[in-house]
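Undergrad: Sequence lines, in order, name chains A and B. The numbers in the working numbering rise by one with no breaks, and the one at position 120 of the first sequence is 232. The numbers in the working numbering rise by one with no breaks, and the one at position 102 of the second sequence is 127. Using N, Cα and C, we set each Cβ at its ideal position, and we do this for glycine too. One structure, as structure tokens, below. Some questions next.
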Amino acid sequence: MGVGIDVRGLRAWFGKFEALHDISMHIRPNCATAIIGPSGCGKSTFIRCLNRMHETVPDAGVSGQVLVGQRDIYGNGSSAVEVRRRIGMVFQKPNPFPTMSIYDNVAAGLKLNGVRNRRLVDEAVERSLRSSALWDEVKDVLKKKSGASLSGGQQQRLCIARALAVEPEVLLMDEPASALDPISTSKIEELIFSLKEHYTVVIVTHNMQQAARVADYTGFFLLGSLIEYDETKKIFTTPGDKRTEDYITGRFG
Amino acid sequence: MRTRFLQGLDELKQKLLRMGGMAEQAVSRAMDAYRTGDTAVCTRVTEGEYAINSLEREIDELALDLLAMQQPMAVDLRFIIAVVKINADLERVGDQAVNISERVVDLSRLPAVELPVDIPRMADLASEMVRNALTSFIQGDAAMARRVLNRDNELDTMNRDISHTLMNWMSENPSMVQQAMDGIIISRNLERIGDHATNIAEDVIFWVRGADVRHGHVPQG
Chain A
113 MGVGIDVRGL RAWFGKFEAL HDISMHIRPN CATAIIGPSG CGKSTFIRCL
163 NRMHETVPDA GVSGQVLVGQ RDIYGNGSSA VEVRRRIGMV FQKPNPFPTM
213 SIYDNVAAGL KLNGVRNRRL VDEAVERSLR SSALWDEVKD VLKKKSGASL
263 SGGQQQRLCI ARALAVEPEV LLMDEPASAL DPISTSKIEE LIFSLKEHYT
313 VVIVTHNMQQ AARVADYTGF FLLGSLIEYD ETKKIFTTPG DKRTEDYITG
363 RFG
Chain B
26 MRTRFLQGLD ELKQKLLRMG GMAEQAVSRA MDAYRTGDTA VCTRVTEGEY
76 AINSLEREID ELALDLLAMQ QPMAVDLRFI IAVVKINADL ERVGDQAVNI
126 SERVVDLSRL PAVELPVDIP RMADLASEMV RNALTSFIQG DAAMARRVLN
176 RDNELDTMNR DISHTLMNWM SENPSMVQQA MDGIIISRNL ERIGDHATNI
226 AEDVIFWVRG ADVRHGHVPQ G
């Protein structure tokens, strides 16, 4: 099951540049939460702080707390590897391991985590591919075809399956459908809708219609600050802040 | 900025204002016909209805295009929804004007009689409500729209009083039943015009404040 995320006073830097200013928000468990905002507003930096990916950038810094469930992922004794197992991530551009088969792509995370039992791996691969709505399309070529041989939309669902295989509690998605055609986009969106039954989903998107379609809650970021965070329905029909309204109605700038 | 979209919204507003002007004019003409008994004016009201109906379709089509092509959000989405609903109410105002003019034609065929009620006063209030509802739309003024809502009870009371008076008058003047019935129907038409003005005002409040105040609903927050 998904867990809630409590973000408290989160700040993030690239060198001396502060990219996120004192962000506090509660991301509800088993809900899809969309993060929207113009380019450079800090939304990708924000979700990269939720699984300690931000610190992989040279000179990057973070302060504040991110409690996933009850545990602060930046607390003493917390390991980045363990955090990333609990909090999976899918990126804008599908990035399957090109030389690996479909099966090995999904199993990669499990093997890295030391799972060697063949039956367990088989079960996890099937379960993950079913969850990512790819199983029926690839079940006969699991070990024959490489991940790179799939279409863009299938590759993205493969990446989602790969993230799900290690049974995370949270799934972060950074523009997961921006490189896909409308049919593949629609499949990813339906997938997000079904995934939230078992996971907490946080999705960064430039596509506001997509946020409106898939997210239960939406946060609007601007210049590194969280301007407004509310039910998606409220944000897209009667936002409380003029800046949110200007952005979503295209009157920005 | 989404120039084409903003132009589309502006075009929608201009068309709706034209529609409002036509509906107001229809009511005004119907009441002129009532006051003067000039049935030639009634013909103009009926002819005007075709133009109102045609503009109603045009506005709906433009609104549908904007919804489909531009996927508006927030205040823009509320604006277009409000326009579509106001459009339907204005068309119905036009229909009521036609109904009134039909009663005037009927009255012109009957022996002339002075009804013991002040229907023109009621028409003034109904027209004022429509005008103020449209002004609140032009100015995006929710407070003004709210004042329109407050006038509706007054119009309802006038309608009840007129109906009551004419029913009594009918029993005392059985030969004038048809004229009295026409008076009652015109009064009811005017009351309906007031209801449409109220709907328009509620839609303006929805557009401006995002609050649904229909049926006396008090929004949270």
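Suppose the cutoff is 7 Å on Cβ atoms and the five residues either side in sequence are ignored; what does the same chain contact list for Leu338/A look like?
TA: If we look at Leu338/A and ignore the five residues flanking it on each side, its Cβ neighbours are Ile135, Met137 and Gly331.
Undergrad: Using a Cβ distance threshold of 8 Å, determine whether the stretch 302 to 316 of chain A contacts the stretch 271 to 290 of chain A, with at least three qualifying pairs required.
TA: The answer is yes - the stretch 271 to 290 of chain A touches the stretch 302 to 316 of chain A, with three or more Cβ pairs under 8 Å.
Undergrad: What are the boundary residues of the beta strand (DSSP E) that Glu111/A is part of?
TA: Residue coverage of chain A in this structure runs from 113 to 365, which leaves residue 111/A outside it and unanswerable.
Undergrad: Check Phe209/A in the structure and name its three-state DSSP category.
TA: Correct three-state label for Phe209/A: coil.
Undergrad: Give a yes or no on whether the C-beta atoms belonging to Ala151/B and Glu86/B are separated by under 9 Å.
TA: Cβ distance not < 9 Å, so Ala151/B and Glu86/B don't count as in contact.
Undergrad: Looking only at its chain, what residues have a beta carbon closer than 6 Å to the beta carbon of Leu140/B, apart from the 5 residues adjacent to it on each side?
TA: Gly208.
Undergrad: Should Ser156/A be labelled buried (16 or more other beta-carbon atoms within 10 Å of its own) or exposed?
TA: Per the 10 Å Cβ criterion, buried.
Undergrad: Of all Cβ atoms in chain A, is any one closer than 9 Å to the Cβ of Asn97/B?
TA: It is Pro, not Asn, that sits at residue 97/B in the sequence shown. Yes, its Cβ sits closer than 9 Å to a Cβ of chain A.
Undergrad: What does the Cβ neighbour count give for Gln39/B, buried or exposed, with the cut at 16 atoms within 10 Å?
TA: With fewer than 16 Cβ atoms within 10 Å of its Cβ, Gln39/B is classed as exposed.
Undergrad: Within the continuous alpha helix (DSSP H) that includes Gln95/B, where are the two ends?
TA: Thr64 to Gln95 is the span of the alpha helix (DSSP H), which, as asked, contains Gln95/B.
Undergrad: Pick out whichever of Met44/B, Val123/B and Ser161/B has its Cα sitting closest to the Cα of Leu80/B.
TA: Residue Met44/B is the option with its Cα nearest to Leu80/B.
Undergrad: For Val313/A and Leu283/A, I'd like the C-alpha separation in whole angstroms.
TA: Those two C-alpha atoms are separated by around 5 Å.
Undergrad: Given that Arg69/B touches chain A, what residues does it touch there, using C-beta distances under 9 Å?
TA: Chain A residues near Arg69/B: none, gap ~41 Å exceeds 9 Å.
Undergrad: Residues of chain B with a CB under 8 Å from the CB of Phe348/A: which are they?
TA: By Cβ distance, chain B contributes Met98, Ala99 and Leu102.
Undergrad: Could you tell me the distance, in whole angstroms, from the CA atom of Arg239/A to the CA atom of Leu222/A?
TA: The straight-line gap from Cα to Cα measures roughly 13 Å.
Undergrad: Below 7 Å on C-beta distance, what does Gly260/B contact in chain A?
TA: Residue 260/B lies beyond the residue range present for chain B, which begins at 26 and ends at 246; the question has no answer from this structure.
Undergrad: Once DSSP output is grouped into helix, strand and coil, what is the label at Leu281/A?
TA: As written in the sequence, residue 281/A is Glu, which differs from the Leu given in the question. Coil.
Undergrad: Would you grab the beta carbon distance between Ala146/A and Thr317/A for me? Rounded to a whole angstrom, and I think it's under 8 Å.
TA: Correct: roughly 6 Å between the Cβ atoms.
Undergrad: Taking C-alpha atoms, which residue in Gly114/A, Lys299/A, Trp125/A and Asp216/A lies nearest to Ile139/A?
TA: Ranking the options by Cα distance to Ile139/A, first place goes to Gly114/A.
Undergrad: Could you tell me whether the stretch 246 to 255 of chain A touches the stretch 164 to 177 of chain A, using the rule of 3 or more Cβ pairs below 8 Å?
TA: The answer is no - the stretch 164 to 177 of chain A does not touch the stretch 246 to 255 of chain A, with fewer than three Cβ pairs under 8 Å.
Undergrad: Jot down the residue ranges of each uninterrupted alpha helix (DSSP H) in the stretch 174 to 239 of chain B, minimum 4 residues, whole runs only, in chain order.
TA: Fully enclosed alpha helix (DSSP H) runs of 4 or longer: 202 to 234.
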